[in-house]
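Worksheet for the structure shown next.
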Amino acid sequence: MSMFKWETDADKIVTITMDDPNQPVNTMNSTFQDALPELVEKLKSGVEAQEISGVIITSAKKTFFAGGDIKSMIKATPADAEALTKEIDGMKAGLRAIETLGVPVVAAMNGTALGGGLEIALATHHRIATDAKGAKFGLPEVTLGLLPGGGGVTRVVRMLGIQDALMKVLTTGRQFRAEDAVKAGLVDEVVPADQLLDKAKEWIKANPEATQPWDQKGFKIPGGTPSTPALAQFLPSFPANVTKQIKGAPMPAPKAILKAAVEGAQLRNIEEATAVETRYFVELVTGPTSKNMMQAFFFDLQYCNGGGQRPEGVEKKQFKKLGMVGAGMMGAAIAYVAAKAGMEVVLKDIAIEAAEKGKNYSEKLEAKALERGKTTQEKSEALLNRITPSVDYSDLSDCDIVIEAVFENTELKHKVWAEIEAVVPSDCVLGSNTSTLPITELATGVKRPEAFIGIHFFSPVDKMPLVEIIRGEKTDDETLAAALDFTSQIRKTPIVVNDSRGFYTSRVIGFFLNEAMRMLAEGIDPAVIEAAGRQAGYPAPPLQLQDELNLKLARKIGAETKAAQEAAGISVDDGGVTEIVDAMLDKFDRPGKLEGRGFYEYNEEGRRAGLWRGLWDELGAGRVVVSDAESSTSGRGLDTAEAQDGAPKFIDLVERMLFAEALETQKCLDEGVLMSDADANIGSILGIGFPAWTGGTRQYIKNYARPAAATLPEGKVADVDGGDYPTTGVAGFVARAAELTEKYGERFEVPESLKA
Ligand code: NAD
C-alpha cells in the first residue's frame, strides 16, 4: 500500500508507478509529499551503485496525476505560509533530484496530466503521452487563482521562452489534447496506450546521457531573458497584455505568473528561479481570490455537474429523441446541442421554411467545424441527419422529452402544450425554455403538471455552458431527475432553482443593470460607470450588456416587476431608471445593439463605436464627478470638473454593482428560490457574468475582502489590524453594506439571515 510502486527490469530500468492508496486519483497531497524523499533516496543510491540505467514514471490510475491537492490548498491561510513554503521546497528538491539523477528519466503519461501532474513530467527528460480519450495536458492553475508552483513556471519558461510560455500556457491555463500539447512543446510524443512503456524504454536506451537543456553548458532561454535587448523592448507590453486579457479585473494570479516568469528568467540558477516562483505561489494560495475560485470552479462545479440537487433513488434516464417545438433562435440552437450529443431531434415550427431555417443553423455550425478540422464529414453528416424539420405534431409521438421555445406568451404556450400533450407518450418529460414566465403558471395549461419543468438555456446555446432548471410547484422528483440527466447528456452544467419571477439568473442580473442605470440617472459619467464594471471584473460592462439585451425587453420586464411589487403593496423608488429608459426609447429611439443605436454608437458592421454623446449632452451625464476619478479610466469631463463634497467614490460604484447582485442572491436563498450556495455561485458566474474572481454571488458574501480603496469610516480600525471594525467575511460584507445603505439607499440593507 504505497504511493510509489517500484519495478526493475533486466535492463536495469526502474518503473515507478504512482498509485495513491487512499484516493481514486494521484495528487500532491501529504501521502505524495511524505513518500517522495524516500523514493528519491532509493533512486539516488541505486544510480550510485550502478543498479539503475533509467527511470520511467507512470501511474496506476486512469489519469496520470490530477495535480495539487485542492482540498488542502483551499484551507491555507497566511499563518500557514511558512509551513507551506517548506513543504513546497521539499517537493521541488525531490523533483530537482529526479531530473539530475544522472540517468534518463521518462514520464509515461497514461492519461490526463494537469497542474502538479504535468509539473512532475516537466522534471523528466522526455514526456510521452498516450492517445487516451479525453486526456488533457496543461497548467490550468491560473483558472483557480493560482500559479504552477511545482516548478511549472520556471521550466515552461526555459522550454518555450518567456513569451510563448506566458501567452500560450501559463496565463491562459489552456488544457491541451495530447496532439496539441505536442504542438505546443509540452509533450514530446503521443503513442498508443499499449506501446507506452516499450516506447519509454526504447527512448531511455537511445538516450543514456539525457539531461535537461537548462543543465547543459551554454544553455540560453529561447528568445532570450528580460535583459536581452530583443526581448527587453517588448517587456513593457507584457503587463498591458495581461491586463487586457483579464479586462482589468482584480485577479492577482496572472500578474503573479508574469512576475514569477520574468524575474525567474533573470536568474541563471534554476533553484533560485523556482524559489521566486514559490513565494508568489504562497502569496496566491494563502490569499482570498484563489479560495473563491477553487470553491467555485472545483467544488461547486463538481456539485452541479455531479447532480448535487438530483433527487436520490430515481433511476438514471437516457434520452433518445427530443421534440424541439419552436425553431427560432433558441430552438434551433438547442436542437444542435442535442443532436451533437447523439440524440434524434424533431425540430418543429409552424411553417416548414421556419423549421428548415432552424436546421440551417446546425448546418452552418457544422460547416465551420469541418473547415476547422474539428469534426469529420462522416460525423457531421450523421449529426445533421439526426435533425428532422417538421410542421407536424404527430412526429413527436415517440419523443422521450419535448422542449418548447415558441414566443414568450402564456396563451400561445398553453395552446402549443395542449397540442404537444395530445401526441406524446405518457411518460414524456415536458420542458419549457421560457425565460420569464413562472413555471407553475404555465403548468396550469398541461394535463401532467408533475412532468412539467423549466429548462432555461442561455444564448448562444452552443457556447454557454449553463442550464437553469426550474422546478414548478407540482414538478415531481422523477421529472427533476430526468431534466438533470438530459442536461448532463448534452454536456451542460445545470443549476436547480424553484419558481420565482425571473427565476434566479434573470432576476439577479437585472439588479446589476439597474444599479448601473441608476448611476447614469444620478449624473455619473457613463465612461466611469463602464470602467467600474470592468474593474469589478464583469466580462461585459453594464451599459454595453444592456445594449446587447435591449432596452425594450428591460422596459417590459421592469413594468411586470413593478406591477407585481405594487400588487404586493411594496412601493419602490427606482432612482430615475424608468425615466432614463423611457427617454432612450421614446425620445431618442435608442433601444440597443440590434438596432445599431443604444447607450453606445455602432458602426456599419454592428461594432461598438464609443458611447453615445447624447448621454452627456441630452441626459446630463457627467454632472456628478466621482471623488477619486484618477483610479478610473474615464473618457471625458473629469479633468475639468471638481468633485463636490460627499461625491461618490469609484470603489463605491464597483461595489454597488457587486453588492446589488449578491444581496438579491441572498434573498433568493432566503426565499428558497435557491437551495444551495453552489447553484448560486455557478449560476451567477456561468449564466450572468458575475466576476469569476469572486467565486460567485454567495462566495462573494462569505469570503468578502474589503478592498484597500474602500477607506474605513473615520475613527474605525480594521479587525485585521487589531481594531474591531469587520472587514472580511460575512461580517465585513454586512458592515460595508451598512455604509452603502447610508450613502446610497435602503436597497443595500442586508436581510436578517445575514445579520444573524
Ligand atoms: P424566436 O422568436 O427566435 O423563436 C420562436 C419560434 O417559435 C419562431 O420560429 C416561431 O415561428 C415559433 N413558433 C411560434 N408558434 C409556434 C407554434 N405554434 N408551433 C411551433 N413553433 C412556433 O424566439 P427565441 O428567442 O428563440 O425564444 C423562444 C423562447 O425561449 C421564449 O420563451 C424566450 O423567452 C426563451 N428564451 C430566449 C432567450 C434568448 O436569449 N433569446 C434565452 C432564454 C430563453
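Residue numbers (the numbering used here): 623 to 1378.
Backbone N, C-alpha and C fix where the C-beta goes; we use that ideal spot for every residue, glycine too.
Because the structure is a prediction, the values reported are computed rather than measured.
Going by DSSP, what residue range makes up the alpha helix (DSSP H) through Leu-1237?
It spans 1236-1239 - the alpha helix (DSSP H) in which Leu-1237 sits, taken as one unbroken run.
Shorter than 8 Å, the distance from the beta carbon of Ala-973 to the closest heavy atom of the ligand NAD, or not?
The beta carbon of Ala-973 sits closer than 8 Å to at least one heavy atom of the ligand NAD.
Contiguous alpha helix (DSSP H) assignments of at least 4 residues, all confined to the region 1273-1345:
Listed in chain order, they are 1299-1304 and 1319-1324.
Cβ neighbours of Glu-649 in the same chain (closer than 6 Å, five flanking residues each side left out)
At residue 649 the sequence reads Thr, which differs from the Glu that was named. Cβ neighbours of Thr-649 beyond the five flanking positions: Ala-688 and Asp-691.
Consult DSSP for Ile-892 and reduce its assignment to one of helix, strand or coil.
Three-state result, Ile-892: helix.
Have a look at the DSSP bridge pairing and note the partners of Pro-1222.
Inspection of the sequence shows that residue 1222 is occupied by Tyr rather than by Pro. Looking at the DSSP assignment, Tyr-1222 forms a beta bridge with Leu-1233.
Bounding residues of the beta strand (DSSP E) (the contiguous stretch that carries Arg-1093):
First-last of the beta strand (DSSP E) with Arg-1093: 1088-1093.
Considering only heavy atoms of the ligand NAD, does any lie closer than 8 Å to the CB of Ser-1122?
It does not: the Cβ of Ser-1122 is nowhere closer than 8 Å to a heavy atom of the ligand NAD.
Does the Cβ of Leu-1034 lie closer than 8 Å to at least one heavy atom of the ligand NAD?
Within the cutoff, so yes.
Any idea if Gly-935 is buried or exposed, counting beta-carbon neighbours within 10 angstroms, 16 or more meaning buried?
By the neighbour-count rule (16 or more Cβ atoms within 10 Å), Gly-935 is not buried but exposed.
Is the region 1191-1209 in contact with the region 1175-1183, if contact means three or more CB pairs nearer than 8 Å?
The region 1191-1209, when compared against the region 1175-1183, does touch it at the 8 Å Cβ threshold.
Distance between Glu-1090 and Met-760 (C-alpha atoms, nearest Å):
Residue identity check: residue 760 is Gly in the sequence provided, not Met. Taking the straight line from one Cα to the other gives about 30 Å.
Cross-strand partners of Ala-730 (DSSP beta bridge)
Paired residues: Ile-750.
Taking its Cβ as the centre, do 16 or more other Cβ atoms sit within 10 Å of Lys-942, making it buried, or is it exposed?
In summary, Lys-942 is exposed, with fewer than 16 beta-carbon neighbours lying within 10 Å of its beta-carbon over all protein chains present.
Consider the C-beta atom of Glu-1030 and the heavy atoms of the ligand NAD; say whether any pair is separated by less than 8 Å.
Placement of the Cβ of Glu-1030 at a distance of less than 8 Å from at least one heavy atom of the ligand NAD is found.
Would you report the Cα separation of Val-779 and Pro-876, rounded to the nearest angstrom?
Cα-Cα distance, rounded: 15 Å.
If contact is defined by three or more beta carbon pairs under 8 Å, each pair taking one atom from either stretch, is the region 708-721 in contact with the region 782-800?
The region 782-800 makes no contact with the region 708-721, as fewer than three CB pairs between them are under 8 Å.
With a CB to CB cut of under 8 Å and the five nearest residues on each side skipped, what residues in its chain are close to Leu-880?
The residues are Leu-788, Thr-793, Phe-860, Pro-861 and Val-864.
For Ala-682, which residues in the same chain have their Cβ closer than 8 Å to its Cβ, ignoring the five residues on either side in sequence?
Only residues of its own chain outside the window of five on either side were considered, and among them Lys-627, Thr-639, Met-640 and Asp-641 have a CB closer than 8 Å to the CB of Ala-682, listed in chain order.
Just to confirm the assignment, what range does the beta strand (DSSP E) spanning Arg-799 have?
Its beta strand (DSSP E) spans residues 797-799.
Considering only residues of the same chain and omitting the five flanking positions on each side of Gln-917, which have a CB-CB separation below 6 Å?
Excluding sequence neighbours, Gln-917 sits near Gly-1317 and Gln-1321.
Would you call the region 1157-1168 and the region 1122-1139 in contact, with 3 or more CB pairs under 8 Å?
These segments touch.
Start and end of the alpha helix (DSSP H) containing Val-1352?
Its alpha helix (DSSP H) spans residues 1351-1366.
Start and end residues, alpha helix (DSSP H) containing Val-1203:
Note, Val-1203: alpha helix (DSSP H), 1199-1204.
Would Asn-891 be called buried (16 or more neighbouring beta carbons within 10 Å of its own) or exposed?
Asn-891 is exposed by the Cβ-count criterion.
Checking 9 Å against the spacing of the C-beta atoms, do Ala-1282 and Arg-1369 come in under that value?
Cβ atoms of Ala-1282 and Arg-1369: closer than 9 Å.
Is Ala-976 near the ligand NAD, in the sense that its beta carbon is under 8 Å from a heavy atom of that ligand?
Taken from the Cβ of Ala-976, at least one heavy atom of the ligand NAD lies inside 8 Å.
Burial state of Asn-1055 (16 or more Cβ within 10 Å)
It is buried - the Cβ of Asn-1055 has at least 16 other Cβ atoms within 10 Å.
Spatial neighbours of Met-873 within its chain, please: C-beta separation below 6 Å, excluding the five flanking residues on both sides.
Contacts found: Trp-1315.
Reducing DSSP to helix, strand and coil, say where Thr-1262 ends up.
For Thr-1262, the pLDDT reaches just 44, beneath the cut-off of 50, and the residue's location in the model is therefore unreliable, although a value from the coordinates is still provided. Coil.
Rounded straight-line distance, which links the Cα of Tyr-1366 to that of Thr-1262:
Note that Thr-1262 scores 44 on pLDDT, short of 50, meaning its location in the model is unreliable; the coordinates nonetheless yield the value given after this. Cα to Cα, the separation comes out at about 25 Å.
Touch check for the region 924-938 and the region 1054-1072: three-plus C-beta pairs under 8 Å?
With contact defined as three or more Cβ pairs closer than 8 Å, the region 924-938 and the region 1054-1072 are not in contact.
Going by C-alpha distance, which of Gly-1145, Ala-1300 and Gly-1311 is nearest Arg-1245?
Arg-1245 has its Cα closest to that of Gly-1145, out of Gly-1145, Ala-1300 and Gly-1311.
Under the three-state reduction of DSSP, which class applies to Asn-651: helix, strand or coil?
Three-state DSSP puts Asn-651 in coil, outside helix and strand.
Mind checking whether the beta-carbon of Ala-960 lies closer than 8 Å to any heavy atom of the ligand NAD?
It does not: the Cβ of Ala-960 is nowhere closer than 8 Å to a heavy atom of the ligand NAD.
Does the region 1286-1297 come close enough to the region 1117-1128 to have 3 or more Cβ pairs within less than 8 Å?
At 8 Å Cβ cutoff, the stretches touch.
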